[in-house]
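Novice: When you line the sequence shown up against mature numbering (1 follows the signal peptide of the UniProt record, and there is no 0), it's residues -23 to -1, 1 to 259, in that order.
Glycine included, every Cβ here is placed at the ideal spot set by N, Cα and C.
One structure follows; several queries about it will come next.
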Amino acid sequence: MRLVDQAYLLLIFLTLTSTSTLAQTYAKSGCQYMCGDVRIPYPFGIGANCSLSEWYTIDCTSSTPYLSALNNLEVLDINVSNQTVTVNVSMISDCQNPIHNSTQISNLDLGRTPFMFSRVHNKFVAVGCGNAFILDDGIAVSRCSTTCGNYTVSEREKFLGVGCCQTAIPDYLNSYRIDITGLERQGGDGGCGSAFFVDENSYAKGRFTGNNSYVSMSLLWTLSGLDIVQNCCYYAEKVTLKVDLGNGTSFESWKCRVAWPVEGNPYLSYGCVDMYSFWYIY
């Protein structure tokens, strides 16, 4: 066999080996790592025996992943590097209150869970005419204000602050309420005023419109010190994360981080794969 042919076969073998190796290192050994088009890396897992705890258990129904412990929220993406899980959540709209009096609506409550609403990866968006507020324990911590004029819907969407506004989320939150009492319905188009947290990537790419009932939101998932000792790969750097809750309060979480080019999952002891040598890092 010619040397060129041998080299070509070796390249195919290494490619197949590396692909198989990467597939094995995202989930626990013996566990399914894909649900439909969504990769499910540990500490999440499909089924109770494949996740770190019940909080991270994924129910894969009809090739769609759901977080069982969080009211079966649909999972759109799990990012190991950012330590986020992106989920589908409902918008808050004044259509939920046709009388249109005081409208304070609670969204997902993450209290006593390892999840937080990500301050870094979400925006607070309001669509309508007026003001919308984020409330934490009854105190307004952020406001989004819009104005409306004689614009069509398509024209309004071009102008930030005219019929639509966005602002940052001030702190990590585990629960919140949104007050849309001052957010009037959009004149002329029959739509409802709405406000919501939305994943910044989805917002930037325009993956939602004011007529959608659901939007994508990023949740930070946290780990205790005991969890991290048990589950980091050997050469992963153990990084402390300070999560600021506002009002001078915070707590510490942990993250597994690898400082050189590897693939796989640093949250598994055998999960780091050196892309140059295709060897496991133990």
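Pull up the distance between the alpha-carbon of S179 and that of V192, whole angstroms please.
Specialist: The residue labelled residue 179 in the question sits at position 202 within the sequence shown. The residue labelled residue 192 in the question sits at position 215 within the sequence shown. Rounded to the nearest angstrom, the two C-alpha atoms are 8 Å apart.
Novice: Report yes or no: do three or more beta-carbon pairs, one from the stretch 38 to 58 and one from the stretch 214 to 231, lie closer than 8 Å?
Specialist: Not touching, per the Cβ criterion.
Novice: Evaluate the contact criterion for the stretch 102 to 118 versus the stretch 232 to 251: three or more CB pairs, one atom per stretch, below 8 Å.
Specialist: No: fewer than three Cβ pairs fall under 8 Å.
Novice: Could you tell me the boundaries of the beta strand (DSSP E) in which Q143 lies?
Specialist: Within the sequence shown, numbered from 1, the residue matching residue 143 stands at position 166. Per DSSP, Q143 belongs to the beta strand (DSSP E) from 141 to 144.
Novice: Rounded to the nearest angstrom, what separates G22 and Y33 at their Cα positions?
Specialist: In the sequence shown, counting from the first residue as 1, residue 22 sits at position 45. In the sequence shown, counting from the first residue as 1, residue 33 sits at position 56. Cα-Cα distance, rounded: 7 Å.
Novice: On the premise that Y43 lies in contact with E51, defined as a C-beta separation below 8 Å, what is that separation, rounded to the nearest angstrom?
Specialist: Counted from its first residue, the sequence shown places residue 51 at position 74. Counted from its first residue, the sequence shown places residue 43 at position 66. Confirmed, about 6 Å.
Novice: Would you kindly work out how many angstroms separate the C-alpha atoms of S246 and I17, rounded to a whole number?
Specialist: Walking along the sequence shown from the start, residue 246 turns up at place 269. Walking along the sequence shown from the start, residue 17 turns up at place 40. Whole-angstrom Cα-Cα distance: 17 Å.
Novice: Measuring CB atoms only, is the stretch 57 to 67 touching the stretch 202 to 210, in the sense that at least three cross pairs come out at less than 8 Å?
Specialist: The answer is no - the stretch 202 to 210 does not touch the stretch 57 to 67, with fewer than three Cβ pairs under 8 Å.
Novice: DSSP has C12 in a bridge; who is on the other side?
Specialist: Numbered from its first residue, the sequence shown carries residue 12 at position 35. C12 is bridged to V15.
Novice: Which first and last residues belong to the beta strand (DSSP E) in which C106 is found?
Specialist: Taking the first residue of the sequence shown as position 1, residue 106 is located at position 129. Counting along the chain, the beta strand (DSSP E) containing C106 begins and ends at 106 to 113.
Novice: Identify the residues that DSSP records as bridge partners of T217: which are they?
Specialist: The residue you call residue 217 lines up with position 240 of the sequence shown. For T217, which the question treats as bridged, DSSP gives the partners W231.
Novice: The beta strand (DSSP E) spanning N48 covers which residue range?
Specialist: The residue given as residue 48 occupies position 71 in the sequence shown. Looking at the DSSP string, N48 is not in any beta strand (DSSP E), and its letter there is neither H nor E.
Novice: Measure the alpha-carbon distance for C121 versus R96 and round it to whole angstroms.
Specialist: As a working mapping, residue 121 is identified with position 144 in the sequence shown. As a working mapping, residue 96 is identified with position 119 in the sequence shown. Spanning the two alpha carbons is a distance of roughly 16 Å.
Novice: Short of 6 Å in beta carbon distance, which residues of its chain neighbour C37, apart from the five on each side in sequence? Order them along the chain.
Specialist: One-based indexing of the sequence shown puts residue 37 at position 60. C12, I23, listed in sequence order.
Novice: Would M93 and F173 be called neighbours here (beta carbons separated by less than 8 Å)?
Specialist: Start at 1 with the first residue of the sequence shown, and residue 93 comes out as number 116. Start at 1 with the first residue of the sequence shown, and residue 173 comes out as number 196. Against a cut-off of 8 Å, the Cβ pair of F173 and M93 comes out as no contact.
Novice: Here's a check: name, in chain order, each residue in its chain whose Cβ is nearer than 6 Å to the Cβ of Q9, leaving out the five neighbours to either side.
Specialist: Taking the sequence shown and counting its residues from 1, one reaches residue 9 at position 32. These residues qualify, in order along the chain: I23.
Novice: Where do the N-terminal and C-terminal ends of the beta strand (DSSP E) with A117 fall, by residue?
Specialist: Taking the first residue of the sequence shown as position 1, residue 117 is located at position 140. Counting along the chain, the beta strand (DSSP E) containing A117 begins and ends at 116 to 122.
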